[in-house]
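In the numbering used here, the protein residues as written are 434 to 759. The beta-carbon is built from N, C-alpha and C at its ideal position, and this holds for glycine as well. Heads up: the structure comes next, in structure tokens.
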């Protein structure tokens with residue numbers, strides 16, 4: 434009788450595991466913006482590894498201190514243990530006759546993104562990687578954006594209580610650690626006071642407002658001018674005559690982007706307070722809403738003296754990219 438019961442439960446368990454992959458997938462681990470590379474030691478210490486490190490190690494523009502876009506670590510295939518397989522972002526470098534890249538989700542853990550890079554020799558691996566390196570970077574970054582947004586969604590603010598968001602007809606996934614600084618109906622400013630380590634005197638900030646869409650060809654050229662106008666009107670310093678502006682000694686970088694399926698510009702640079710020594714990085718998303726002949730602007734800026742800022746700005750990027758225009 435006992436044997437029959439044991440067989441019954443074993444069969445139920447087996448059927449459950451096969452029928453629902455989520456039951457057998459552990460939670461993934463790993464820091465945001467970090468990729469584990471599974472490659473032979475000879476590849477990692479040779480030209481293949483050099484190309485990967487150079488690509489992922491490119492410096493993020495707009496930050497006051499040099500910080501890479503992605504951090505990397507390496508493990509040999511024979512050291513790719515059960516714990517290693519739980520990593521959230523993995524790049525597998527393989528040798529084989531079938532050449533190219535492929536992407537799989539949630540293979541050993543969830544959420545998880547694995548990019549497979551395969552070619553017949555080192556030269557071919559480097560060639561394929563270089564042709565696809567921007568795509569590969571974007572795959573990992575977008576995966577971390579989605580992961581960060583899922584974390585924020587678990588404890589998010591009720592955005593229906595903000596006059597500006599309601600008047601603009603938009604929504605954002607904003608974690609509930611943010612507090613209101615200003616909400617005029619036309620302009621929203623939210624702030625999260627940082628509480629950890631030596632960054633505890635700093636803050637993360639979100640700005641939301643709209644602008645008329647007058648000449649689409651001039652939008653990219655007017656982003657700095659418009660954000661300086663907003664800073665002067667809404668973001669004062671501690672003394673009269675002080676307000677936030679775009680740092681005059683540093684030219685921001687503007688890239689094409691897509692937010693909520695709409696054309697947008699992503700601008701990264703540094704802000705400062707006119708007449709003061711406060712400064713830091715910002716990321717600005719100017720989104721075309723052609724249906725209503727306007728631009729929706731969502732910007733994040735951080736103030737965190739003496740510490741690395743990549744992670745703070747990435748959180749703000751994830752919030753901005755959660756924008757939905759109703």
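### Task
Give a yes or no on whether the C-beta atoms belonging to residue 558 and residue 536 are separated by under 8 Å.
What you label residue 558 is simply residue 125 of the chain shown in a count that begins at 1. What you label residue 536 is simply residue 103 of the chain shown in a count that begins at 1. Going by C-beta atoms, residue 558 is not nearer than 8 Å to residue 536.
#### Entry: Straight-line Cα distance separating residue 665 from residue 522
In the chain shown, the residue the question calls residue 522 occupies position 89. In the chain shown, the residue the question calls residue 665 occupies position 232. Each residue's alpha carbon lies about 41 Å from the other.
### Query
Going along the chain, which residues of its own chain have a beta-carbon closer than 7 Å to the beta-carbon of residue 440, five neighbours each way excluded?
The residue given as residue 440 occupies position 7 in the chain shown. Residue confidence is low: residue 440 scores 41 on pLDDT, short of 50, so the model does not pin down where it sits. Its coordinate-derived value is still stated next. For residue 440, where only same-chain residues beyond five positions count, there are no Cβ hits under 7 Å.
### Query
How would you call residue 476, buried or exposed, if buried means at least 16 neighbouring beta carbons within 10 angstroms?
Residue mapping note: residue 476 aligns to position 43 of the chain shown, counting from 1. By the 10 Å Cβ count, residue 476 comes out buried.
### Query
Should residue 428 and residue 715 be called a contact, given that it needs their Cβ atoms to be closer than 8 Å?
No information on residue 428 is available, as it lies outside the stretch 434 to 759 that the chain covers here.
### Query
Apart from the five residues just before and just after residue 463, which ones in its own chain have a Cβ nearer than 6 Å to its Cβ?
Counting from one through the chain shown, the residue named residue 463 turns up at place 30. Contacts found: 520, 521.
### Task
Enumerate in chain order the residues of its own chain whose CB-to-CB distance from residue 696 is below 6 Å, with the five nearest sequence positions on each side excluded.
Start at 1 with the first residue of the chain shown, and residue 696 comes out as number 263. Counting only Cβ-Cβ distances below 6 Å, and skipping sequence neighbours, we find 721.
### Task
Please confirm if the region 659-678 is in contact with the region 742-755, defined as three or more CB-CB distances below 8 Å between the two stretches.
no
### Query
Do the region 724-733 and the region 635-646 make contact, defined as three or more Cβ pairs closer than 8 Å?
yes
### Task
Report the three-state DSSP secondary structure of residue 507 (helix, strand or coil).
Mapped onto the chain shown, residue 507 falls at position 74. It is a strand residue.
### Query
Does the beta-carbon distance from residue 592 to residue 583 come in below 8 Å?
Here residue 592 refers to the residue found at position 159 when the chain shown is read from its first residue. Here residue 583 refers to the residue found at position 150 when the chain shown is read from its first residue. Cβ atoms of residue 592 and residue 583: not closer than 8 Å.
### Query
Helix, strand or coil for residue 711 per DSSP?
Reading the chain shown from its first residue, position 278 is the one you call residue 711. The answer is coil: DSSP assigns residue 711 none of H, G, I, E or B.
### Query
In the structure shown, what three-state DSSP assignment does residue 737 receive?
Residue 737 sits at position 304 when you count from the first residue of the chain shown. Coil at residue 737, not helix or strand.
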